[in-house]
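Scroll down for the structure; my scribbles are underneath it.
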Amino acid sequence: MADQVLTLDYELAELPSAQHRAGLAGLVMMVKWLKKFGEHPGICKLNWRSETAVILKIDRPGLEGLFGELYAGTKGKLKSKKPFKGKEPDDTETREITDPKTGKTKTETYYIY
5 MADQVLTLDY ELAELPSAQH RAGLAGLVMM VKWLKKFGEH PGICKLNWRS ETAVILKIDR
65 PGLEGLFGEL YAGTKGKLKS KKPFKGKEPD DTETREITDP KTGKTKTETY YIY
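Its first residue numbered 5, the sequence shown is counted upward by one per residue in the working numbering.
Written as structure tokens, this is what we have:
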């Protein structure tokens, strides 16, 4: 069975609040970014009716691609001034910090997870 294509027609003036209009702006930006980012399965495209009205056409694979990119996780390191309870840090880092007012130097330790 082929995926159904949903057509959503938005007019800024018809949206009930500033939060809804901001959400639509975010959706438009995300769809444009997705198009620039590269090929994705399914349909996820915008058609402009006017400067204040947009039509979004999307199917299930297109929606999955949109949310997949929106919520894509990345691996990174977290640096904290305090150690986490019950977890050993992957690494530590020390820095010499000079107070601009007093000129005194102190050592700060950062815990990297």
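In this text, a Cβ means the ideal position worked out from N, Cα and C, and glycines have one as well.
Computed from a predicted structure; not experimentally measured.
Cα-Cα separation between Met5 and Asp63, rounded to whole angstroms
Reliability fails at Met5, whose pLDDT of 49 lies under 50, so the model's placement of it is uncertain and the value that follows must be treated cautiously. Their backbone Cα atoms lie some 13 Å apart in a straight line.
Extent of the continuous alpha helix (DSSP H) to which Leu82 belongs:
Here Leu82 belongs to no alpha helix (DSSP H), and DSSP marks it neither H nor E.
Which parts of the segment 8-46 are runs of the alpha helix (DSSP H), unbroken and 4 residues or longer, counting only runs that do not cross its ends?
22-41
State yes or no: is the C-beta of Gly46 within less than 8 Å of the C-beta of Gly66?
yes
With DSSP run on the structure shown, which of helix, strand or coil describes Glu73?
helix
Answer with buried or exposed for Gly69, where buried requires no fewer than 16 other C-beta atoms within 10 angstroms of its C-beta.
buried
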